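Here the structure is laid out as structure tokens; the discussion comes afterwards.
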Amino acid sequence: METKLNQKRVERVRKSCGFSGGIDVEAKESRGGLCLAWEDDVVVMFYGSPYSKDRSSVWSLLKHLSQGNNYPWLVAGDFNEILYSFEKGHFRGLSIDGYLVLRSTWERGNLPETNIRERFDREVANAEWLLLLPMGNIQHLTFSSSDHCPILLNTDIPIILTGHNSFCFEAWWTMEDSFEGKIRKFWDSSSALLLKKLTMLQIHLKKWAGSVKSRKDGLKRRLTKELKSLIEKDRDDDIMAKIIDAKIHLDMEIDKDEAYWEQRARANWLKLGDKNTAFFHKRINSITKLVSEDGREITDGSKILDIATGYFEDLFASKGFGDPRKVLEGIESTISHEVNEILLSPFRKDEVRTALKEMGPTKAPERDGFPALFFQQY
């Protein structure tokens, strides 16, 4: 970052912030100084030349450093360069990438007619870095003494979820050998009413699923390692039999993983050949920022929850309605008295059973967390 401090003060501030490594260049007269700070990890900090004649060599150096490297890499700093024409100006009413306002990171001029704002500071990462840290997010911090805005890279943003402690029946449980026996043993041992039974079953299944999942994760790693070792060996009847057996069991574990993600997909993408990735689901299921009605960017988890709750409460609240008879005056009635009696009659058990069998197995689970799949099979 650019500073207005002497070298000793910059170093003192840097170390007080927990950065053990750093390069400090003090400010001289009207020329700002520089501070590159890092922890024990290896980072790349970038300062683009303010002179246009030198920029090509700086970009060439950065390009050279990136070639032939497949490790995660992020470059951050003052690039002294804008990417688009709209990154220079007043930034009023601009909407891009889902954000109401694109923040400038550099500002100069104290009068409206001389004020200039540009987006010089940024952080750029390659695909490997994004896969390693999919929740990475950049925040623009408030600045006063410097003409540059500090940019904060946060790699550990909490995912805002609601009801995370609620029970959710997992489709992959039905693929476990011990599952059906667990269900039947509990069901036969309890004399409680149906709703009470289901509530008690939730507790038992949570405990069972916890022990199975820890064993399942270890089994998948062991099978992968075992299959890799077998493939490297010379083939004979015994080795071939072991390879086939390892592949079958590994495929079963992979099927369970895909059942887990398919249950969370908004469409049945697996049927169309797409594969789910952990990166995709971490991103799609996270809410890291919302814009309030007055245009403020909210990143605090509890405030995000309040804004989302208030929005949907207002959206679905009744605004009052007029007399519906005026709307219905021109509509001819097509439902006979006999049909209306059938529609208003109480539900029958066979109707409920038929509707339940026709439902999608994992679609629209009830509040108790049990989808139609549970009642269809058990």
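Residue numbers (our numbering): -13 to 364.
By construction, the Cβ of each residue, glycine as well, lies at the ideal position given by its N, Cα and C atoms.
None of these values were measured; they are calculated from a predicted model.
As assigned by DSSP and simplified to three states, the class of A294: In the structure shown, A294 adopts helical secondary structure according to DSSP, grouped into three states.
Proximity of L213 and I229 at Cβ, strictly below 8 Å: Against a cut-off of 8 Å, the Cβ pair of I229 and L213 comes out as a contact.
Complete runs of the alpha helix (DSSP H) confined to the region 179 to 263 [at least 4 residues]: Within the region 179 to 263, the complete alpha helix (DSSP H) runs of at least 4 residues are 180 to 217, 223 to 250.
Where N56 sits in the DSSP three-state scheme: Secondary structure of N56 (DSSP, three-state): coil.
S319 to A303 span [Cα, whole Å]: In this structure, the CA atom of S319 is about 30 Å from the CA atom of A303.
As assigned by DSSP and simplified to three states, the class of T160: In this structure, T160 counts as helix in the three-state DSSP scheme.
Length at least 4, wholly inside the region 314 to 357: the alpha helix (DSSP H) runs in chain order: DSSP runs (the alpha helix (DSSP H)) wholly in the region 314 to 357: 323 to 330, 335 to 344.
C-alpha gap between D203 and L191, whole angstroms: About 18 Å.
Among Y57, K39, W59, the one whose alpha carbon lies nearest that of E67: The alpha carbon of E67 has as its nearest neighbour, out of Y57, K39, W59, the alpha carbon of K39.
When N123, L119, E114 are compared against R108, the one with the closest alpha-carbon: Out of N123, L119, E114, N123 has the C-alpha closest to the C-alpha of R108.
Cβ neighbour criterion (16 or more within 10 Å) applied to G167: G167 is exposed by the Cβ-count criterion.
DSSP-derived helix/strand/coil call for R108: The answer is strand: DSSP assigns R108 an E or B state.
Assigned exposure category for G346 - 16 Cβ within 10 Å defines buried: When all chains shown are included, G346 counts as exposed.
Through-space distance from K211 to L329, alpha-carbon basis: Approximately 60 Å, taken between the alpha carbons.
L119 Cβ short of 7 Å to the ligand COA heavy atom set: Questions concerning the ligand COA fall outside what the structure shown contains, since it holds no ligand whatsoever.
In DSSP terms, what C3 is bridged to: For C3, which the question treats as bridged, DSSP gives no partner whatsoever.
Within 8 Å, strictly: CB atoms of S197 and M186: No, they are not a contact pair.
Member of A62, W159, R221 whose CA lies at the smallest distance from the CA of D241: Checking every option, the nearest Cα to that of D241 belongs to W159.
Exposure of F333, with buried meaning 16 or more beta-carbon neighbours within 10 Å: So F333 counts as exposed.
CB contact flag (L22, I9, <8 Å): One thing to note: L22 has its Cβ within 8 Å of the Cβ of I9.
The alpha helix (DSSP H) enclosing G281, as first and last residue numbers: No alpha helix (DSSP H) contains G281, which DSSP labels as neither H nor E.
Under 8 Å between C-beta atoms of G355 and F153: Cβ distance < 8 Å, so G355 and F153 count as in contact.
Residue interval of the alpha helix (DSSP H) (run including G167): Segment 165 to 175, the alpha helix (DSSP H) holding G167.
Own chain residues within Cβ distance below 6 Å of L119, not counting five before or after: Same-chain partners within the cutoff: T141.
Beta-carbon gap between E239 and L209 smaller than 8 Å: Yes. Within cutoff.
Limits of the unbroken alpha helix (DSSP H) element including A113: Taken as a continuous stretch (DSSP letters only), the alpha helix (DSSP H) holding A113 covers 113 to 118.
Assigned exposure category for T348 - 16 Cβ within 10 Å defines buried: By the 16-neighbour rule on beta-carbons within 10 angstroms, T348 is buried.
D64, buried or exposed, once every other Cβ within 10 Å from all chains shown has been counted against 16: By the 10 Å Cβ count, D64 comes out buried.
Chain-order list of residues whose beta-carbon lies under 7 Å from that of E162 (same chain, five-residue window excluded): Taken in chain order, the residues that qualify are V198.
Buried or exposed by the 16-neighbour rule on C-beta atoms within 10 Å, applied to R0: Buried, because 16 or more other Cβ atoms sit within 10 Å of the Cβ of R0.
F298 burial status per 10 Å Cβ neighbour count (16 or more: buried): Its Cβ having fewer than 16 others within 10 Å, F298 is exposed.
Pick from G308, S43, E156 that is closest to W247, judged by C-alpha positions: It is E156 whose Cα lies nearest to the Cα of W247.
V325, buried or exposed, once every other Cβ within 10 Å from all chains shown has been counted against 16: When all chains shown are included, V325 counts as exposed.
Neighbourhood of I290 by C-beta, 7 Å cutoff - its chain only, sequence neighbours within 5 removed: The residues are I146, I273, L276, I284.
Close beta carbons around E315, own chain, < 6 Å, minus the five adjacent residues each side: So no residue of the chain qualifies.
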